[in-house]
Ligand code: 5FU
């Protein structure tokens, strides 16, 4: 199932306001590129945010791999997000019972709910996980993991279908999915990791697809690129190349 509605046409169909804000940014910057800033120091994280910021709609973080995380890091990140007009997606993949998720979201040393615009969750523990996210992070948008890019992933079609059903029950909070392409209706957005222009995979089960296949053929909306950009010697240039490849693939899908 591949949607040919434009982002302009889908914007009013999206119930969650972070999802709508994201599409406004996507349209304004002509960018459906998300960079996964998987580095281990706050200095690297902030310099990547500054370098690729103008090219992206979302910066995806894993706060728990930053060795020197403090509240000041999130403050500086939020500042850069405002400066370059992107949203921040903490890829924490919440997966526990609602009560624990609430504590993980607000407590610890990361205080994710204070600075993340987008968070995500596995559906393995049932709707309590999403209930907790929608209650304790009402200004956040939520993505559900419906499929994963890694080899041997257990997200069989029935599981993916369950993710869709759960999203429909929490449409005020959930505005999209982590999936390999379009798996449902146009009132949700589809985010795909495992995107690379050169590589086919890594030694730990990651599987890569190119932007054109992911967006134009498989019908995904947003491409998530980590090492394809992060490991480049010129990150600005790499981000600009990927932005264009992802946007052209979106235009190609509309034109098909
Ligand atoms: F949910 C998923 C998934 O199924 N595959 C992923 O690769 C998330 N990811 C994340 O996307 C992963 O945690 C990395 O942050 C990023 C991919 O990075 P890469 O360097 O482009 O492989």
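Numbering (UniProt numbering), first residue to last: 214 to 469. The C-beta atom is built at its ideal place from N, Cα and C for all residues, glycine as well.
query: What do you get for residue 274, buried or exposed, if any count of 16 or more other CB atoms within 10 angstroms of its CB means buried?; result: buried
query: Based on the DSSP output, what are the partners of residue 420 in its beta bridges?; result: 414
query: From residue 344 to residue 367, what distance separates their C-alpha atoms?; result: 23 Å
query: Note down the Cα distance separating residue 324 from residue 374, rounded to an integer number of angstroms.; result: 31 Å
query: Could you tell me which residues DSSP pairs with residue 354 in its beta bridges?; result: 331
query: Would you check if there are 3 or more beta carbon pairs closer than 8 Å linking the region 442-456 to the region 251-263?; result: yes
query: Count the other CB atoms within 10 Å of the CB of residue 396; is the residue buried (16 or more) or exposed (fewer)?; result: buried
query: The alpha helix (DSSP H) that contains residue 375, what's its start and end?; result: 370-382
query: Use the C-beta contact count for residue 265: other C-beta atoms within 10 angstroms, 16 or more gives buried, fewer gives exposed.; result: buried
query: How big is the Cα-Cα spacing for residue 313 and residue 218?; result: 39 Å
query: Taking Cβ positions, are residue 329 and residue 310 nearer each other than 8 Å?; result: no
query: Go ahead and pull the three-state DSSP assignment for residue 284.; result: helix
query: Examine the ligand 5FU and report whether any of its heavy atoms sits within less than 7 Å of the Cβ of residue 249.; result: yes
query: What first and last residue would you give for the alpha helix (DSSP H) that runs through residue 220?; result: 220-223
query: Could you check the C-alpha separation between residue 455 and residue 251 for me, to the nearest Å?; result: 17 Å
query: Are the CB atoms of residue 287 and residue 327 within a distance shorter than 8 Å?; result: yes
query: Using a 10 Å radius around the Cβ and a threshold of 16 neighbouring Cβ atoms, would you call residue 446 buried or exposed?; result: exposed
query: Report, in whole angstroms, the separation of the C-beta atoms of residue 281 and residue 254, which I expect to be a contact under 8 Å.; result: 6 Å
query: Check whether the Cβ atoms of residue 271 and residue 307 sit closer than 8 Å, and answer yes or no.; result: no
query: Between which two residues does the beta strand (DSSP E) containing residue 246 stretch?; result: 246-249
query: Which residues share a DSSP beta bridge with residue 389?; result: 356, 402
query: With a threshold of 16 other CB atoms inside 10 Å of the CB of residue 437, please say whether the residue is buried or exposed.; result: buried
query: Could you check how far apart the C-beta atoms of residue 386 and residue 358 are, in whole angstroms? I think they sit under 8 Å.; result: Contact flag wrong, Cβ pair sits at about 15 Å.
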